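Notes follow the structure.
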Amino acid sequence: AQSVTQLDSQVPVFEEAPVELRCNYSSSVSVYLFWYVQYPNQGLQLLLKYLSGSTLVKGINGFEAEFNKSQTSFHLRKPSVHISDTAEYFCAVSSQVRSNDYKLSFGAGTTVTVRA
Amino acid sequence: ETGVTQTPRHLVMGMTNKKSLKCEQHLGHNAMYWYKQSAKKPLELMFVYSLEERVENNSVPSRFSPECPNSSHLFLHLHTLQPEDSALYLCASSQQAGSSYEQYFGPGTRLTVT
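Keeping their order, the protein sequence lines are chains A and B.
Sequential numbering from 118 applies to the first sequence in the working numbering.
Sequential numbering from 185 applies to the second sequence in the working numbering.
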């Protein structure tokens, strides 16, 4: 079974400042990793995903994340945030090993509030 | 309509009521999911359907009953719910059921049980 820990429940940040959201996971097998964003009153939208290959993954809206296998982390970064980045961000992990493992395990979420 | 739609967006029901949540995906996907999202808790996977067959039932109480009549529609039938069932219920779909496939989410139904 996999589990995800998002280390910060709330992150306030000023507009045009950088932001990093931390995500650690635990798993006994190789994993796929995802970051989703949820804007107010909306469903979740995929920002980026790591399946294999380069450990630096670029996503939509200027976000990127780096997979670090030794530290079992998948931190999300953006060099300069906008007011419109105010949202809740979820890290998620799933198993690579079992082809019939449908479970996507989510973290509890990090609320990002961007201030002018 | 595009993407994944859910109706109603808000629902208030008493503990003795019976109601249904509806989800429709317009993406041609083969897998559909129900999740429960409670405040400050991780999303909980409830059910997974692949090609209209239920492939996962994540220890969900029987007062929640899913139905998938075709690959585009998914229902969640609710009866004799408890106040702790109040939450945001999210529907999602993916091209196939499998751990590497991106899931596309609907906006959710905000359920309040009184």
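Cβ coordinates follow ideal geometry from the N, Cα and C atoms, glycine included.
This structure is a prediction, so every number in the text was calculated from the model and none was measured.
Those residues of the stretch 269-281 of chain B placed with their C-beta closer than 7 Å to a C-beta in chain A are Leu274 and Ala281, ordered along the chain. Contact between the stretch 200-212 of chain A and the stretch 148-160 of chain A is present: 3 or more CB-CB pairs across the two stretches fall below 8 Å. The C-beta of Phe131 of chain A has fewer than 16 other C-beta atoms within 10 Å across all chains shown, which makes the residue exposed. If you look at Tyr285 of chain B, you'll find it isn't in any beta strand (DSSP E); DSSP assigns it neither H nor E. Look at Gly212 of chain B: its C-beta is not under 7 Å from any C-beta on chain A. Taking C-alpha positions only, Ala225 of chain A is separated from Asn254 of chain B by approximately 32 Å. Contact residues of the stretch 166-182 of chain A toward chain B are Lys166 and Leu168 (C-beta to C-beta distance below 7 Å). Between the beta-carbon of Ser270 of chain B and that of Leu211 of chain B there is about 29 Å, and that puts the pair past the 8 Å contact cut. Here Asn141 of chain A carries a strand assignment [DSSP, helix/strand/coil].
In terms of beta-carbon proximity, Val232 of chain B lines the interface with chain A, with at least one pair separated by less than 7 Å. A:Lys195 is the residue among A:Ser187, A:Lys195 and A:Pro135 whose C-alpha sits nearest the C-alpha of Ile177 of chain A. Neighbours of Asn158 of chain A in chain B, taken as residues at a C-beta separation under 8 Å, are given in chain order as Pro291. Excluding sequence positions up to five before and after Gln155 of chain A, its CB lies within less than 8 Å of the CB of Leu161, Gln162, Ala204, Glu205, Tyr206, Phe207 and Gly226, all in the same chain and listed in chain order.
Contact annotation: Leu164 of chain A and Phe180 of chain A have beta-carbon atoms nearer than 7 Å.
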